[in-house]
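J.: Before I ask anything, let me first share the structure, which is written out below as structure tokens.
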Amino acid sequence: MALIDLVTISAIAREQYISIGKRYSSITVLNLASRHLKALLTHGPDLALHGFGAPDATRLVDAHETLLQESVNRTGARGGNAATVNAHELALRRARRERLRARAILDSVTRTLRYEGTDSGIAAALQVEGGLRATKNAGHEGEKLAEQLDVLLNGLTAPPVVTATADRGGPEAVADLTAALTTLRASNLATTGSSTRLETERMDLLDGLIITLARSARKAAVAASKRLGTPALADKFSLDALYAPASAETDSEEPEAPPAQPTTPAPAQPSGQALAQPLDPTKKPATPQVASPGTALSFG
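For the sequence shown, UniProt numbering begins at 1 and goes up steadily by one.
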């Protein structure tokens, strides 16, 4: 294995990888890469015949090793005392709470701005909606979360939004979000030492590269499993870790709708002579029976 020289990656690929990597925690990505690399030890030849060859596997090994080294370097620069760690955790929790509050207010105000329909209001609504999309998943790491708070703060302080949120918690949210962001940035600096935006960008790039390779391996595994008749093969290259349910570090403000209950189809309308027969008013119509939920869907 060898460390990847990030300078050799093309500008187009760098931009794409960084964009992908920003949305995920490096810890999550490292765990995903480790599972895929373990599976490749056994199933590498099968994937090689379906698009994920030895050069791809080698690149995944090198990217995993490089990201691991970057993580070690960053951790080595951190302040290690318990008080600093605890303070940082409190800052993260506070920032996540204010993030949820800001998103709730902004989500509400977009409907108001669209209802009013002014040019400036529509423009602000579009800007806010873009910010909401960009901050849909909470950042796992301090600086990524701080960047999301910046986006939300910009949305809350846009003039049309300030007016529309005056009696919707906007002023209070701006004050609390600003304070939370200031505390988080100070905590980030205390826990990462000399960590810089450049270092964060390098880790985002590696996160994105690994996720891209993992997705490619997943596609090859699905194709191989279907062709070879081995569904378990695809499971070994699952991407579920990237889309884990909401937890203390990731959240979803919009709960999923409950699954619909399947029902028995209505009986077919009788045809021919039966249509001419009058209904017996003394008989109650039969109550349709509700079918029990079917088995869970399986995805290849």
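Every residue, glycine too, gets a C-beta built ideally from N, C-alpha and C.
Rounded to whole angstroms, what's the CA-CA distance from residue 302 to residue 53? Just pull it up for me.
T.: For residue 302 there is no data in the structure shown, the boundaries of the chain being 1 and 300.
J.: Beta-carbon separation of residue 182 and residue 143 under 9 Å?
T.: If you number the sequence shown from 1, residue 182 lands on position 182. If you number the sequence shown from 1, residue 143 lands on position 143. No, these two residues do not count as a Cβ contact at 9 Å.
J.: Here's the rule: buried if 16 or more other CB atoms are within 10 angstroms of the residue's CB, otherwise exposed. What is residue 24?
T.: Taking the first residue of the sequence shown as position 1, residue 24 is located at position 24. Per the 10 Å Cβ criterion, buried.
J.: Using the three-state DSSP reduction, which class does residue 73 fall into: helix, strand or coil?
T.: For the purposes of this step, residue 73 is identified with residue 73 of the sequence shown, where counting begins at 1. Looking at residue 73 - three-state DSSP - the assignment turns out to be helix.
J.: Measure how close the beta-carbons of residue 29 and residue 67 come, nearest whole angstrom, since I'm counting them as under 8 Å.
T.: Against the sequence shown, residue 29 aligns to sequence position 29. Against the sequence shown, residue 67 aligns to sequence position 67. Yes, residue 29 and residue 67 are in contact; Cβ-Cβ is about 7 Å, under 8 Å.
J.: Check whether the stretch 201–217 touches the stretch 107–126, counting contact only when three or more Cβ pairs, one atom from each stretch, lie closer than 8 Å.
T.: No, the stretch 201–217 is not in contact with the stretch 107–126.
J.: Whole angstroms is fine: what's the gap from residue 223's alpha carbon to residue 136's?
T.: Within the sequence shown, numbered from 1, the residue matching residue 223 stands at position 223. Within the sequence shown, numbered from 1, the residue matching residue 136 stands at position 136. Cα-Cα distance, rounded: 31 Å.
J.: Which residue from 157, 123, 99, 190 puts its Cα closest to that of residue 87?
T.: Looking up residue 87 in the sequence shown gives position 87. Answer by Cα proximity: 190.
J.: Where does residue 94 sit, in a helix, a strand or coil, going by DSSP?
T.: Indexing the sequence shown from 1 puts residue 94 at position 94. Residue 94 falls in the helix class under three-state DSSP.
J.: Output the distance between the C-alpha atoms of residue 84 and residue 188, rounded to the nearest integer angstrom.
T.: Walking along the sequence shown from the start, residue 84 turns up at place 84. Walking along the sequence shown from the start, residue 188 turns up at place 188. When rounded, the distance between both Cα atoms is 10 Å.
J.: If you count every other CB in all the chains shown that lies within 10 Å of the CB of residue 26, and 16 or more means buried, which is it?
T.: Counting from 1 along the sequence shown, the entry for residue 26 is found at position 26. The residue is buried, with at least 16 neighbouring Cβ atoms inside 10 Å.
J.: Determine the DSSP secondary structure at residue 236, reduced to helix, strand or coil.
T.: Here the question's residue 236 lines up with position 236 in the sequence shown. Residue 236 falls in the coil class under three-state DSSP.
J.: CB residue 184 to CB residue 9, shorter than 9 Å?
T.: Position 184 of the sequence shown, counting from 1, holds the residue named residue 184. Position 9 of the sequence shown, counting from 1, holds the residue named residue 9. Contact flag unset, no.
J.: Kindly indicate which residue of 3, 50, 123, 186 has the alpha-carbon position closest to the one of residue 227.
T.: Counted from its first residue, the sequence shown places residue 227 at position 227. Checked all of 3, 50, 123, 186; the closest Cα to residue 227 is 50.
J.: Between which residues of its own chain and residue 239 is the CB-CB distance below 8 Å, once the five residues before and five after are set aside?
T.: Here the question's residue 239 lines up with position 239 in the sequence shown. Excluding positions up to five away in sequence, the list reads 32, 214, 215, 218.
J.: For residue 218, does the three-state DSSP call read helix, strand or coil?
T.: Position 218 of the sequence shown, counting from 1, holds the residue named residue 218. DSSP places residue 218 in helix when its eight states are reduced to three.
J.: Note down the Cα distance separating residue 40 from residue 57, rounded to an integer number of angstroms.
T.: Start at 1 with the first residue of the sequence shown, and residue 40 comes out as number 40. Start at 1 with the first residue of the sequence shown, and residue 57 comes out as number 57. If you take the alpha carbons of residue 40 and residue 57, they lie about 8 Å apart.
J.: Taking DSSP as the reference, what is the three-state secondary structure of residue 137?
T.: Numbered from 1 along the sequence shown, position 137 holds the residue referred to as residue 137. DSSP places residue 137 in coil when its eight states are reduced to three.
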